[in-house]
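Student: Below: one structure in structure tokens.
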Amino acid sequence: GPLQSDLQKLKGQMETGAANAKIWKDEKGFYDRGMNFFNRGQFDQADSEFKKALALKGGRRSAEIQRYVSELIPARKQEEKYMSDAKRLINSTNPADLQNAKGMLETVSKGSGPRKREAQDLMTQVDAKLAQLGKDALIKGAMDAGRAALARGDYNAARSSVENIKGQGGDPSALQSEID
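In structure tokens form, the structure reads like this:
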């Protein structure tokens, strides 16, 4: 009768609602697993779960999930790579390596990831190491200049180098004994 088309319409809406409920339930499962992986730093697994959620048509969290796939996961992977590389370079005595480490740590510390504070702490260590290397270079330069002054018989310049070494916080005793 005349209600038949209304009943068909309602039946279609119920079937659509049931299909959507299944999609939303599946999407939530992929999303929850993706978030668990993401929060544990397992970014490839998180990416895989998020992409499964995106493959479902009609999900309610597509925009948020897409943000994880296209922005947040790549940013966190880069952050982890920078932290790993910087930690390796921090052990170097090469100023260029230390400057590279500092640049990576600065990038991480400007971000919003969970390694921000650690990066800031490591930057303090790198700055101290760079300052010490600079001081060591100045002390070595003063020591070399003092020895060169002694070689040409300029004791005043050699004594000046001893004072320069002391001013840098170095130990001038070796050069002082050569003067005496």
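If you read the sequence shown in the working numbering, its first letter stands for residue 303, the second for the next number, and so on.
Every residue, glycine too, gets a C-beta built ideally from N, C-alpha and C.
1) Near residue 401, what residues of its chain come up, given a Cβ to Cβ distance below 8 Å and the 5 sequence neighbours on each side ignored?
2) Using the Cα positions of residue 322 and residue 428, report the straight-line distance between them to the nearest angstrom.
3) In this structure, how does DSSP classify residue 392 when only helix, strand and coil are distinguished?
4) Using the Cα positions of residue 476 and residue 461, report the straight-line distance between them to the nearest angstrom.
5) Apply the 10 Å Cβ neighbour rule to residue 463 and answer buried if 16 or more other Cβ atoms are within range, or exposed otherwise.
6) Decide if residue 378 is buried, meaning its Cβ has at least 16 other Cβ atoms within 10 Å, or exposed.
7) Leaving out the 5 sequence neighbours to the left and right, which residues in its chain are closer than 8 Å to residue 415 when beta-carbon positions are compared?
8) When DSSP labels each residue in this structure, what does residue 470 get in the three-state scheme?
9) Distance, Cα to Cα, residue 338 vs residue 469?
10) Would DSSP call residue 362 helix, strand or coil?
11) Tell me which same chain residues have a C-beta within less than 8 Å of the C-beta of residue 325, skipping the five on either side of it?
12) Among the residues of its own chain, which have a CB less than 7 Å from the CB of residue 364, if the five just before and after it don't count?
13) Alpha carbon to alpha carbon, what distance is there between residue 345 and residue 367?
14) Just checking my contact of residue 300 with residue 424 at CB under 8 Å: how many whole Å lie between their CB atoms?
15) Does DSSP put residue 416 in a helix, in a strand, or in coil?
16) So what does DSSP say about residue 424, is it helix, strand or coil?
17) State the start and end residues of the unbroken alpha helix (DSSP H) segment that holds residue 351.
18) Should residue 351 go down as buried or exposed, given a rule of 16 or more other Cβ atoms within 10 Å for buried?
Tutor: Taking the coordinates as given:
1) 432
2) 54 Å
3) coil
4) 12 Å
5) buried
6) buried
7) 377, 378 and 381
8) coil
9) 55 Å
10) coil
11) 358, 359, 360 and 361
12) 356
13) 13 Å
14) The chain is shown from 303 up to 482; residue 300 falls before or after that span and cannot be answered.
15) coil
16) helix
17) 345 to 357
18) buried
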